[in-house]
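J.: Sharing a structure, written as structure tokens. Questions coming.
Residue numbers (the numbering used here): 54 to 287.
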């Protein structure tokens, strides 16, 4: 579904990505783990068109998307749920969700997508007319994921969805991620909680200072000594 080859990105004199290669097949959950500053967020921002590659290629379903603008990438079926939630605080829950569907032309079908989001996150149905800025951190994260789903993505990019959440909310978010995947959405997941990410993922990549240092099945990475020492607290 997504193929990244020799992808490099620099900000001025700083190289954030240094020739990375990744493959994501349809129906997978693939996680990308690594320390802060390793280049994980830059990878997602480059896939979604927010950052332009310096070199290399990004192909989605065989089509080169490295030079497309973000709205066009969304129209082709990729949606990005950014780090830090970034909801529109002075808009209601419903208005935020509607913004997630801004590229869609089938407006008559939005009602079923609102309901889909409310099925995943019933609390948002109760808060639908509340301003997003007044929601709790967990509710804002649910809204950010729901907003990303409103474009009906085939590939969902999730950047640190459990960051700052209480443990019970973190577990809920991971359950929802698995449900979304089981309904046919492919997921590329960046997650600070490497153990949880590898527990639900099919495959994983380890990134260190702009390089992919390890890759393999999630099960193999869970038992890799370097991963256990560096990212699993063992």
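The beta carbon of each residue, even a glycine, is placed where N, CA and C say it ideally should be.
1. I'd like to check one pair, residue 99 with residue 111: are the Cβ atoms closer than 8 Å?
2. List the DSSP bridge partners of residue 56.
3. Going by alpha carbons, who is nearest to residue 199 out of 170, 188, 189 and 190?
4. What is the rounded straight-line gap between the Cα of residue 127 and the Cα of residue 153?
5. According to DSSP, residue 260 sits in a beta bridge with which residue or residues?
6. Looking at C-beta atoms only, is the number of pairs between the stretch 136 to 151 and the stretch 102 to 117 that lie closer than 8 Å three or more?
7. Give me, in chain order, the residues of the same chain whose beta-carbon lies closer than 8 Å to that of residue 196; leave out the 5 immediate sequence neighbours on both sides.
8. If we require 3 or more residues per run, which beta strand (DSSP E) segments fall completely within the stretch 183 to 216?
9. Going by DSSP, what residue range makes up the alpha helix (DSSP H) through residue 239?
10. Could you work out which residue in 283, 267, 278 and 258 is closest to residue 77 when comparing CA atoms only?
11. What does DSSP give as the partner residue(s) for residue 64 in the beta ladder?
12. Look up residue 145 in the DSSP assignment and give the residues it is bridged to.
13. Residue 66: buried (16+ other C-beta within 10 angstroms of its C-beta) or exposed?
14. From what residue to what residue does the alpha helix (DSSP H) around residue 226 run?
15. In its own chain, which residues sit with a C-beta less than 7 Å from the C-beta of residue 74, not counting the 5 before and 5 after it?
16. Anyone know if the C-beta pair for residue 261 and residue 212 falls short of 8 Å?
17. Tell me the DSSP bridge mates of residue 270?
18. Can you tell me whether DSSP reads residue 129 as helix, strand or coil?
19. Residues in its own chain within less than 6 Å of residue 226 by CB, not counting five upstream and five downstream?
20. By the three-class DSSP mapping on this structure, what secondary structure does residue 82 have?
21. Between the Cα of residue 70 and those of 90, 84 and 55, spot the shortest distance and give me the residue it belongs to.
22. For residue 106 and residue 62, which I take to be in contact (beta-carbon distance under 8 Å), what is that distance rounded to the nearest angstrom?
23. Thinking just about the alpha-carbon of each residue, which of 234, 155 and 245 is nearest to the one in residue 203?
24. Would the beta-carbon of residue 180 fall within 8 Å of that of residue 165?
T.: The structure says:
1. Contact flag set, yes.
2. Looking at the DSSP assignment, residue 56 forms a beta bridge with 76 and 112.
3. Minimum Cα-Cα distance from residue 199 among the listed residues 170, 188, 189 and 190 corresponds to 170.
4. Roughly 10 Å separates the two Cα atoms.
5. DSSP output for residue 260 lists 87 and 265 as bridge partner(s).
6. Pairwise C-beta distances place the stretch 136 to 151 out of contact with the stretch 102 to 117, as fewer than three of them are shorter than 8 Å.
7. Closer than 8 Å at Cβ, skipping near neighbours: 138, 140, 146, 149, 150, 174, 177, 185 and 188.
8. 208 to 212, all fully within the stretch 183 to 216.
9. Bounds of any alpha helix (DSSP H) do not take in residue 239; it lies within the beta strand (DSSP E) bounded by 239 to 243.
10. Between residue 77 and the set 283, 267, 278 and 258, the nearest pair of CA atoms involves 258.
11. Residue 64 is bridged by DSSP to 67.
12. Looking at the DSSP output, residue 145 bridges to 184.
13. Classification for residue 66: exposed.
14. First-last of the alpha helix (DSSP H) with residue 226: 220 to 235.
15. Only 57, 58, 59 and 265 meet the Cβ criterion.
16. No; because the gap between Cβ atoms is not below 8 Å, this pair is not in contact.
17. 256, per the DSSP bridge assignment.
18. Per DSSP, reduced to three states, the secondary structure at residue 129 is coil, with no helix or strand assignment.
19. Taken in chain order, the residues that qualify are 214 and 215.
20. Annotated three-state conformation of residue 82 is strand, per DSSP.
21. Comparing Cα positions, the closest option is 90.
22. Right, their Cβ atoms sit about 6 Å apart.
23. Scanning 234, 155 and 245 for the CA closest to the CA of residue 203 turns up 155.
24. No, the pair does not count as a contact, with Cβ atoms beyond the cut-off.
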